[in-house]
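Colleague: One rule links them: number in our numbering = place in the sequence shown (from 1) + 99.
Sharing a structure, written as structure tokens. Questions coming.
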Amino acid sequence: MLYVGAGSGEDVVAAAERGFEVAALDRSPRMLARLRKRLAKRDLEVELIEADLLEHEARLPHDVVVANFFLNVFDRETVDAMLRRCREATTENGLLLIGDFRPPGRRLVRRLLYNTYYAPLNLVAWALGLCVLHPIYDYEEALERAGYRLVARHPQALSDRSPAFYETLVARAR
Ligand SMILES: C[S@@+](CC[C@H](N)C(=O)[O-])C[C@H]1O[C@@H](n2cnc3c(N)ncnc32)[C@H](O)[C@@H]1O
């Protein structure tokens, strides 16, 4: 598995603990140092790659590429370019998993929740220079352009009682 934009990598640790062969890519040495510490504590081996995904050429493709809360900081053109890179790093028939905010859809209640929850968050992150201003992306068309087919969406909630603000998209390489 290859985690792109892995950050300090709680999910990377979880995958390595379950016995997957894992590589983690991030352009931030600070994030990778945190991940290295986490892995060392648990005596886990993960290949750490310090690189900008846009400039990284995978030596071998991976069966599964994971992009958790990574793509949503970029503008649409960059998202397309990142997804093309992910596709190059995925084996034929391999999977791309994207964990991200769940688009609100058309329902009034969900759009209201979206406006009170996500929009201010996005505004603050934009004001701090952390991301571009954009609605929550629905990646389905971008996945098609990059050579994947969306096969499943799994809504995710923080608890049994909270609404599913997040989702995991499962896409298969064509
Ligand atoms: C919001 S964090 C998400 C971290 C982690 N995936 C998670 O779910 O907690 C985004 C990460 O992407 C990394 N990043 C941003 N641009 C990148 C790029 N062009 N290439 C590789 N990593 C990048 C940042 O350094 C940061 O660690």
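Just so you know, even glycine gets a beta-carbon here, dropped at the ideal spot from N, CA and C.
Can you check the region 162-220 for any alpha helix (DSSP H) of at least 4 residues that lies completely inside it and give the ranges in chain order?
Modeller: DSSP runs (the alpha helix (DSSP H)) wholly in the region 162-220: 175-187.
Colleague: Consult DSSP for E109 and reduce its assignment to one of helix, strand or coil.
Modeller: For this step, residue 109 is matched to residue 10 along the sequence shown. Helix, per DSSP.
Colleague: Does the contact criterion of 3 or more C-beta pairs under 8 angstroms hold for the region 208-228 versus the region 181-190?
Modeller: Cβ pair count under 8 angstroms is below three, so no.
Colleague: Taking V121 and V145 to be in contact with their CB atoms under 8 angstroms, please state how far apart those CB atoms are, rounded to whole angstroms.
Modeller: For the purposes of this step, residue 121 is taken as the residue at position 22 of the sequence shown. For the purposes of this step, residue 145 is taken as the residue at position 46 of the sequence shown. Indeed, because the Cβ distance is near 5 angstroms, the residues count as touching under 8 angstroms.
Colleague: Within a Cβ cutoff of 6 angstroms, which residues of the same chain sit near L138, ignoring the five residues on either side of it in sequence?
Modeller: Numbered from its first residue, the sequence shown carries residue 138 at position 39. Cβ neighbours of L138 beyond the five flanking positions: V145.
Colleague: For a quick check, are the C-beta atoms of L143 and A105 less than 7 angstroms apart?
Modeller: If you number the sequence shown from 1, residue 143 lands on position 44. If you number the sequence shown from 1, residue 105 lands on position 6. No, these two residues do not count as a Cβ contact at 7 angstroms.
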